[in-house]
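For reference, the structure discussed in these notes is given below.
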Amino acid sequence: MEYYFAPLEGLTDSIYRRLHHAHFSGIHRYYMPFLSPTIHRTLTHKEDRELPMADSVPFAATPQILTKDPEAFLWAADQCAQRGYGEVNLNIGCPSGTVVSKGKGAGMLADPEALDRFFDQIFAASPLPISVKTRVGVNDTESLPRLVEVFRRYPIQLLIVHPRIRKDFYQTPIRQDTFQYVVENYHGPLCYNGDLCSLSDIHSIRSHYPQLSSVMLGRGLIADPGMLAPGGTDAATLARFHDALLEEYIHQFGSARNAMFRMKENWHYLSPRFENSEKLSKRLRKTTDIQEFRAITQEILHLPLRPMPS
498 MEYYFAPLEG LTDSIYRRLH HAHFSGIHRY YMPFLSPTIH RTLTHKEDRE LPMADSVPFA
558 ATPQILTKDP EAFLWAADQC AQRGYGEVNL NIGCPSGTVV SKGKGAGMLA DPEALDRFFD
618 QIFAASPLPI SVKTRVGVND TESLPRLVEV FRRYPIQLLI VHPRIRKDFY QTPIRQDTFQ
678 YVVENYHGPL CYNGDLCSLS DIHSIRSHYP QLSSVMLGRG LIADPGMLAP GGTDAATLAR
738 FHDALLEEYI HQFGSARNAM FRMKENWHYL SPRFENSEKL SKRLRKTTDI QEFRAITQEI
798 LHLPLRPMPS
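Numbering-wise, the numbering used here comes out as the position in the sequence shown, counting from 1, plus 497.
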């Protein structure tokens, strides 16, 4: 089975991907947080930085595109092709309110007929194979059978399914019955994504769906970066990874304060991994001083790691 790292906006940027690959093994492919092309058909400075030439990256990576405009998708896919990538991923699963209100991301699932027309245009002209990351509906799952019919009509490189509807966001339980429906009715390459927070979770999915060739992990890997490495996450490697991230962000942002706030996003997931970290984590959330931030994180990093179910 292959293991893919999900694209998480504000977390798995190019610095994080590079340093994660350098410190931890087990990931076969990293998916990049989305590009959102505009009518100006130019990459922003950030997008240009986050889309390096493929041959400059020492691991497999796939750019993701978020748009409802076929021409914008094809322009962005061409940019990715020019930079040497071999696949592009379409995001029709993002549940963000600002994204969905514009009819993008999971908002595209509300109208399967419009999605069919969009697919017809992009699959006919894309310079790269297209994988798709999706949810199973917007406000309910009634349209799922029709969505699966649409998916079956096109040569999707890989269908990555997060078995929640848009309004579930990430809090409600996974809708396993919907994934079972997709497994039974969609016969192309299929990947499971959602609430994989330990090796035990992965083993459970593999036992339920032995036909799967891949799974995608997101928040679970942020919380346990070495989950797939031999021996799991060890404290010394995690500390080196953390320190390298902080220094790289300071260099990129030109500001220790901004780097600290970026790292707090990681610590939201990381801190529960340590035993008796609650009081320190509360202090970490409140601090605005980089020296205090460094001191608190070092204290946390010296706490025992909680054992993870295998």
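All C-beta atoms, glycine included, are put in the ideal place defined by N, C-alpha and C.
Beta-ladder partner(s) of residue 526, from DSSP
Residue 526 is bridged to 501.
Kindly identify the DSSP beta-bridge partner or partners of residue 687.
DSSP output for residue 687 lists 656 as bridge partner(s).
Do you know offhand how far residue 804's Cα is from residue 529's?
29 Å
Reference residue 681; option with closest CA among 580, 649, 738
When the alpha-carbon of residue 681 is set against those of 580, 649, 738, the nearest one is in 649.
For residue 754, I'd like the list of residues in its chain whose CB is within less than 8 Å of its CB, leaving aside the five on either flank, ordered along the chain.
785, 787
Can you look up residue 724 in the DSSP assignment and give me helix, strand or coil?
Three-state DSSP puts residue 724 in coil, outside helix and strand.
Ignore the nearest five residues each way along the sequence and tell me which others in residue 604's own chain have a CB closer than 6 Å to its CB.
597
Can you give me the C-alpha to C-alpha distance between residue 774 and residue 706, rounded to a whole angstrom?
36 Å
Within a Cβ cutoff of 7 Å, which residues of the same chain sit near residue 770, ignoring the five residues on either side of it in sequence?
720, 721, 802, 803
Sequence-distant residues of the same chain with beta carbon closer than 8 Å to residue 561, five excluded per side:
504, 528, 529, 530, 531, 532, 585, 586, 587, 588, 630
Can you check which of these residues, 620, 580, 536, 652, is closest to residue 684 by C-alpha distance?
Scanning 620, 580, 536, 652 for the CA closest to the CA of residue 684 turns up 652.
Whole-angstrom Cβ separation of residue 676 and residue 658, contact assumed at under 8 Å?
Sure, about 6 Å apart at Cβ, within 8 Å.
Beta-carbon gap between residue 534 and residue 569 smaller than 9 Å:
yes
Buried or exposed (CB count within 10 angstroms, at least 16 for buried), residue 782
Exposed.
Per DSSP, residue 628 forms a beta bridge with which residues?
586
Consult DSSP for residue 712 and reduce its assignment to one of helix, strand or coil.
strand
Answer yes or no: the CB of residue 682 versus the heavy atoms of the ligand HEM, is any distance below 8 Å?
The ligand content of the structure shown is nil, which means the ligand HEM is not present either.
Taking just the CA atoms, how far does residue 524 sit from residue 792?
31 Å
Whose C-alpha, out of 756, 574, 638, is nearest the C-alpha of residue 496?
The structure shown does not extend to residue 496, since the chain is modelled only from 498 to 807, so the question has no answer here.
Nearest to residue 764 by CA position, among 607, 689, 583, 740, is which residue?
Of 607, 689, 583, 740, the smallest CA-CA separation from residue 764 is found for 740.
Closest to residue 576 by C-alpha separation, out of 595, 541, 591, 555, would be which residue?
The alpha carbon of residue 576 has as its nearest neighbour, out of 595, 541, 591, 555, the alpha carbon of 541.
Collapsed DSSP secondary structure at residue 693 in the structure displayed
coil
Return the bridge partner residues of residue 532 from the DSSP annotation.
562
Output the boundary residues of the alpha helix (DSSP H) element that contains residue 673.
Counting along the chain, residue 673 sits inside the alpha helix (DSSP H) bounded by residues 673–682.
Residue 620 by DSSP, collapsed to three states: which one?
Reduced to three states, the DSSP call for residue 620 is helix.
Could you compute how far the alpha carbon of residue 612 sits from the alpha carbon of residue 731?
45 Å
Hey, out of 687, 713, 708, whose CA is closest to residue 698's CA?
Minimum Cα distance to residue 698 is reached at 713.
Through-space distance from residue 635 to residue 666, alpha-carbon basis:
Between the alpha carbons of residue 666 and residue 635 lies a gap of roughly 10 Å.
By alpha-carbon positions, which one of 777, 572, 564 ends up nearest to residue 625?
572
Which of the three DSSP states, helix, strand or coil, is assigned to residue 718?
In the three-state reduction of the DSSP assignment, residue 718 falls in the helix class, which pools H, G and I.
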